[in-house]
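According to the numbering used here, the sequence shown is numbered sequentially starting from 2.
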Amino acid sequence: ELGDAILEGDLDGVKKELGDLLLHMVFYARIGSEKQAFDITDVLHGICDKLIHRHPHIYGDVQVKDEAEVKANWEKIKLAEKARENDRSVDPSGRPVKGKFPSVLEGVPRGLPSLVKAIRIQDKARGVGFDWDDRGQVWDKVHEELAELKAEVDAGSDKAAGELGDVLFSIVNYARFLGIDPDEALER
């Protein structure tokens with residue numbers, strides 16, 4: 002409902018829905034407090050610490066040249082945090098040790114809608130330097146996936162659904178290279 006209010010530019014609706022979210026936060030913080038696990042102050046300190054840690058270009062001495070570097074640093078920091086949370090080995094600089102590297106996909110919630118998940122996966126891959134050089138390569142990949150889909154369909158294979166998924170994933174990636182939000186494009 003908050004997302005709908007934002008998309009519709011309904012500021013009264015945004016206010017109402019933010020209130021509902023805040024109610025949930027206060028409610029769960031109260032439960033945490035009653036169980037003597039944490040309170041609202043702990044939650045606020047936690048988010049402040051996280052923002053400071055994940056923005057060393059603002060609160061530290063890390064130099065970045067553009068938004069892409071900020072996002073890449075963000076992903077690397079999150080991966081190192083995941084490694085620590087999962088008790089994986091990290092080197093003195095906080096980077097996961099080879100062979101113990103957490104998946105970049107660990108931060109993508111499984112419950113997201115498939116289209117949103119595809120966008121997030123591709124953004125995360127780009128954030129750690131795994132990306133195509135130009136959109137021509139991505140377009141070639143779309144054609145490759147289409148050919149694989151056609152071959153599976155023509156063969157009557159049960160692998161066609163997986164190949165269609167690959168086609169859709171590659172189309173989402175091409176949209177990213179064009180600067181088009183595929184979710185918004187689909188809504189049109």
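The beta-carbon is built from N, C-alpha and C at its ideal position, and this holds for glycine as well.
Note that the coordinates shown come from a computational prediction; the quantities given were computed from them, not determined experimentally.
Query: Three-way DSSP call (helix, strand, coil) for H58 in this model; Result: helix
Query: S34 - containing alpha helix (DSSP H), residue span; Result: L12 to E35
Query: Backbone CA spacing between R136 and V173 [nearest angstrom]; Result: 12 Å
Query: Local conformation of E76 per DSSP, three classes; Result: helix
Query: A191 and G130 closer than 8 Å at C-beta; Result: Absent from the structure is residue 191, since the part of the chain shown begins at 2 and ends at 189.
Query: 7 Å CB neighbourhood of Y60 in its chain, flanking five on each side removed; Result: I53
Query: Endpoints, alpha helix (DSSP H) assigned at D120; Result: It should be pointed out that residue 120 corresponds to Ile in this sequence rather than to Asp. First-last of the alpha helix (DSSP H) with I120: S115 to G128.
Query: Touching by the beta-carbon criterion (3+ pairs, under 8 Å), the region 142-159 and the region 109-118; Result: no
Query: Segment limits, alpha helix (DSSP H) that includes Q64; Result: Where Q64 is concerned, there is no enclosing alpha helix (DSSP H), given that its DSSP letter is neither H nor E.
Query: Helix, strand or coil at E82 according to DSSP, with G and I counted as helix; Result: helix
Query: Exposure label - G20; buried when at least 16 CB within 10 Å; Result: exposed
Query: Unbroken alpha helix (DSSP H) run spanning E2, endpoints; Result: Note, E2: premise wrong, no alpha helix (DSSP H); not H, not E.
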